[in-house]
Amino acid sequence: MAYVLGFDSSTQSCSATLVNCDTLAVVGDLSVNFGKDLPHYNAPAGFISDGQAGEVHSDPKMWLEALDLLCSKMVEAKWQLNQVVAISGSGQQHGSVYLGADFERVLESLSPSSSLVPQLEFVFTRETSPIWMDNSTEVECAEIAHAVGGNSRVCEKSGSIMIERFTGSQIRKFSKQRPECYEKTHFIHLVSSFFASIFSGKSAPIDTGDGAGMNLMNLVSQDWDSDLLNATAANLCKKLPPISSANTELGKVSRYFVDKYSFNPDAKVYPWSGDNPCSLVGMGASKPGNMVISLGTSYTLFAGMAEPYTDPNGFGHVFGNPMGGYMTLICFMNGSLAREKVRENKEVDWTNFGNDYLEKTLVGNEGKLMLPFYDPEITPTMSLETPKTNGWSLEEESAAVQIRACLEGQFLNMRKYSEFLGAKPAQILLTGGGSNSEQICQVAANVFGSKVVRTKSTASASLGAAIMAGVAAGAASIEAFESALCELDEAATVHPCEKSVSMYSELMLEFEKLLLQ
Ligand code: XUL
């Protein structure tokens, strides 16, 4: 038997998916939750909660401890680690890890009789890692954009305007605030390349998928951009690992994993990528034509692209696609939390949120529109005290009207800010909590005018990483993996209703006016 293994180091947990390459079936998923399983890090949701002025950091030691714990769970679950032929992984995007000159020496000599934290804790030159939720670098973003000739130039080069959570401005802030520590830093890794280094036993490259989320990589050359590097921090080119595609073999798995957890010594390690690029693969959407909308805490919309179209408005980002070509990603902050706010305000029963309440109202909500931004929104950039409506009062309307207005507003906003992609998606793959509701899927299908499908898989990032490793190692083709593992739930397909589609196209004009008011 041959197996491939995909990891996912996300904000709240570290997980793994094991795939049998002979039967092309998922053997199992295992996970370590940072808050629950490692409470001594005092990070119930995976990050340090008392950050000042928009800082959100995590402790990289917690990530390492979670990895050891996860490997022990895999052994306990009797996963056949001695038959794993290829390993890859997914990391929360943009987060960065800072390491001193000893990093590679320590990696080469890791002892299986101890664990990762006590052996690696001395190599960090920055105790904590800024993660994607950090928005503390407004000043540094402006400085870098100014030095390079403006945000449109940055976007043309890197695929995104300067973004606070992206890695470049975070590196600049560190180099300004703690120059001695920056000086001592010999390696700056993303969460993804940090873990690929741990598995391969040497400093690993950054892949083009995650590298594009740094405001440092040139999209066309798929290499570091010297103008962006120079504008970011001194000597940065010496501290960044090289960039490579996700299918470049990094070598065999480190002895640490062979001796401690009985991994196959011949298992090949491949570069890890970001969670969104990996999910694109895990959802079976790496070929252009599909659009994925993930209805999580925040909503993300992503799609494969043959060419790197950049968003003239600066909200959409372009990353590398681990299967070749490019992908776009747009993040909407007011996702399920906005839905929950409606529920709290109107004491709505959660189980009935989607179906019962939506059925009590008419498609188009008789023209009652809402910008459902309860917290500061990034697409578009907007902070509201309360959600904005086109003239109706939130207090006076029923829960059903508010729920429909919230959902229609969310999907109209997603349609509006993904229009730069050009063609309407052939189909939308809906995932995340809200996709369980038939009625929510219907709103999505009608607003976009595309059919909505759902997949049966849940852990799309670690599954995507396992598929990436399997394809790179030649275990099976992407088509074979996709048809076996990214199965669509055909019975749950929702088709758009033509009458409703044209109603939403008319309402879009009103919605655009509301956005501008
Ligand atoms: C994408 C982003 C988030 C993180 C979550 O730009 O910031 O989706 O990748 O892990």
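Heads up: the sequence shown at position 2 corresponds to 765 in my numbering, and the numbers run straight through without jumps.
All C-beta atoms in this analysis are idealised placements derived from N, C-alpha and C, irrespective of residue type, glycine included.
Just so it is clear, the structure is predicted and the values come from calculations on it, not from any experiment.
- C-alpha of Gly-1172 to C-alpha of Gln-855: approximately 28 Å in a straight line.
- Pro-1028 and Ser-872 have their alpha carbons spaced roughly 16 Å apart.
- Taking all protein chains in view, the Cβ of Leu-1272 is surrounded by fewer than 16 other Cβ atoms within 10 Å, so the residue is classified as exposed.
- Rounded to the nearest whole angstrom, the C-alpha separation of Pro-1259 and Asn-1076 is 28 Å.
- DSSP places His-1080 in the strand class (E or B) of the three-state scheme.
- Straight-line spacing of the CA atoms in Ile-951 and Leu-1092 works out to 24 Å.
- Not one heavy atom of the ligand XUL sits closer than 7 Å to the Cβ of His-803.
- DSSP places Ser-921 in the uninterrupted alpha helix (DSSP H) bounded by 914-921.
- Just so you know, the alpha carbons of Phe-1095 and Ala-1101 end up roughly 11 Å apart.
- For the options Ile-1241, Ala-1255, Val-1234 and Asp-785, the alpha carbon positioned closest to that of Glu-1012 is the one of Val-1234.
- Non-local beta-carbon contacts of Gln-985 in its own chain, meaning distances under 6 Å to residues more than five positions away in sequence, involve Thr-971 in chain order.
- With fewer than 16 other beta carbons inside 10 angstroms of its own, Lys-939 counts as exposed.
- Membership of Gln-1190 in any alpha helix (DSSP H) is not indicated; the residue belongs instead to the beta strand (DSSP E) covering 1190-1194.
- Between the ligand XUL and the CB of Trp-1035, the shortest heavy atom gap is not smaller than 7 Å.
- The residues Gly-791 and Leu-793, in chain order, have a CB closer than 8 Å to that of Ala-840 in the same chain once the five nearest residues on each side in sequence are set aside.
- In this structure, the straight-line span from the alpha carbon of Tyr-1137 to that of Pro-1071 is close to 32 Å.
- Here His-820 is bridged, per DSSP, to Pro-893.
- A Cβ-Cβ contact shorter than 8 Å links Asn-978 with Ser-932.
- About 15 Å separates the Cβ atoms of Val-911 and Val-902, ruling out a contact at the 8 Å cut-off.
- Scanning Leu-1175, Ala-1228 and Gly-1127 for the CA closest to the CA of Lys-1262 turns up Gly-1127.
- His-952: not part of any alpha helix (DSSP H); member of the beta strand (DSSP E) spanning 950-953, first to last residue.
- By the Cβ neighbour-count rule, Asp-813 is exposed, with fewer than 16 other Cβ atoms within 10 Å of its own.
- Under the 8 Å Cβ criterion, the segment 995-1006 does not count as touching the segment 1042-1051, having fewer than three qualifying pairs.
- If you check the CB distance, Ala-849 and Val-767 come in under 8 Å.
- Taking all protein chains in view, the Cβ of Val-847 is crowded by 16 or more other Cβ atoms within 10 Å, so the residue is classified as buried.
- A residue is called buried once 16 or more other Cβ atoms fall within 10 Å of its Cβ, and Ser-1246, having fewer, is exposed.
- A residue is called buried once 16 or more other Cβ atoms fall within 10 Å of its Cβ, and Ser-874, having fewer, is exposed.
- Taking the C-beta atoms as reference points, Cys-1041 is found nearer than 8 Å to Gly-1227.
- Exclusion of Thr-1091 from the 7 Å shell around the ligand XUL follows from its C-beta lying no nearer than that to any non-hydrogen atom of the ligand.
- Exclusion of the five residues before and after Ser-1220 leaves Gly-1045, Leu-1226, Leu-1248 and Cys-1249 as the residues of its chain whose Cβ lies within less than 7 Å of its Cβ.
- Beyond the five residues adjoining it in sequence on each side, Ile-1191 comes within less than 8 Å, by CB distance, of Asn-1053, Met-1054, Val-1055, Ile-1056, Ala-1207, Ala-1208, Phe-1211, Ser-1213, Lys-1214, Val-1215 and Val-1216 in the same chain, given in chain order.
- The criterion of a C-beta distance shorter than 8 Å is satisfied by Leu-870 and Ser-960.
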